[in-house]
Every structure is written in structure tokens, then in C-alpha cells.
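In the working numbering, the protein residues as written are 6 to 165.
All C-beta atoms in this analysis are idealised placements derived from N, C-alpha and C, irrespective of residue type, glycine included.
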């Protein structure tokens, strides 16, 4: 786990990269645009989503999720509860906000809204993203990023 602001930035950058990459592919598959969009447009879309997600993560979602996680940790003193709480609230917040981002991006590329109520479309998008993102974060990306992060900072400490 990160202990300094620099480490926190590196951790967030790695976590956002994997989550945005996988969620972008997931949403393109759901929308049927994975094979209709050009590769260069997909790369630009990913980079734009990554920058937005990293900004939202660092400025809005992470401070709230970490605040809640540290309160849970102070009540239980079990680090796993803090990690799970932070992960849950990070995924919830990011799924809420990035679903809006996805709907805006999708509506720019196609007539995504059509005759469907915008509220229904948002709720459907959010639920699909949340249901996929939570296990992805808890089972795959979270442990992977913690492993990568520990290898980066163990090597730097050993080299110093």
C-alpha cells in the first residue's frame, strides 16, 4: 500500500490504467463498438477515459473512499476491512461517474439514447459497470496492482 504522495500517485496510475483498459473493452463489447471503431479511435478514447478517471479518482473519489476506509479500520483494526471498504467505495464512485462519461462518449459516436429514458439508460449502464467492476477490482486488478506496486517499491528500497 502507498505511504507517500508519490507512491499514491503511482499506485493510482497503475490501478486506473488496468481498470480503465478492461472496462473500456467491456463497454465496447456491450455496445457492439469494439469491431466497428477504428483502433486509433479506440486508443484515443482509452487515453481520454484514463485521464478523466485518474482525475476523478485523485480529486474526488479516493479522498471520500479512503476517509470511509480509515474510519472502518479505526473501528476494527483489521487491514482487510479497510482495503475492502476503500475498494467498494472506489468502484461505486467510479462506476457512477464513469458511466456518465461513457454515456456522453457513446452518444457522441452513435445515437445511443434513442427512445430510452436517459435515467433508465444511466441506471442500466451503472449497474452493468458496477456488477463487472467490483469483482474485477477485488479479485483481479486490486491484487495484481498491489503485487506490481510491491515489486516496484521493494526493488527501489533494495537498490538504495
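Straight-line gap, residue 85 to residue 79 (C-alpha atoms, nearest Å): Cα to Cα, the separation comes out at about 12 Å.
Spatial neighbours of residue 1 within its chain, please: C-beta separation below 6 Å, excluding the five flanking residues on both sides. Because the chain in this structure spans residues 6 to 165, residue 1 falls outside the shown range and cannot be described.
At 4 residues or longer, and completely inside the region 55–116: list those alpha helix (DSSP H) runs for me, N to C. Correct list: 67–81 and 84–114.
Quick one: using the 10 Å Cβ neighbour count with 16 as the cut-off for buried, is residue 66 buried or exposed? Buried, because 16 or more other Cβ atoms sit within 10 Å of the Cβ of residue 66.
For residue 110 versus residue 131, is the C-beta distance shorter than 9 Å? If you check the CB distance, residue 110 and residue 131 do not come in under 9 Å.
Top-ranked residue by Cα proximity to residue 191, from 151, 144, 159 and 99: One cannot answer for residue 191 here, as it falls past the ends of the chain, which runs 6 to 165.
Own chain partners of residue 124 with C-beta closer than 8 Å, once the 5 adjacent residues on each side are dropped: Contacts found: none.
Inspect the beta-carbon positions of residue 25 and residue 54 and report whether they are closer than 9 Å. Yes, these two residues count as a Cβ contact at 9 Å.
Where residue 18 sits in the DSSP three-state scheme: It is helical.
Go ahead and pull the three-state DSSP assignment for residue 38. In the structure shown, the three-state DSSP call for residue 38 is coil.
Just to confirm the assignment, what range does the alpha helix (DSSP H) spanning residue 139 have? Counting along the chain, residue 139 sits inside the alpha helix (DSSP H) bounded by residues 123–140.
Could you check how far apart the C-beta atoms of residue 150 and residue 60 are, in whole angstroms? I think they sit under 8 Å. That pair is no contact at about 18 Å.
How would you label residue 9, buried or exposed, when you count the other beta carbons within 10 angstroms and need 16 or more for buried? Residue 9 comes out exposed.
Let me check understanding here. Comparing Cα to Cα, which of 7, 27 and 12 lies closest to residue 167? The structure shown does not extend to residue 167, since the chain is modelled only from 6 to 165, so the question has no answer here.
In angstroms with no decimal places, state the Cα-to-Cα distance between residue 58 and residue 21. Residue 58 and residue 21: Cα-Cα distance of roughly 7 Å.
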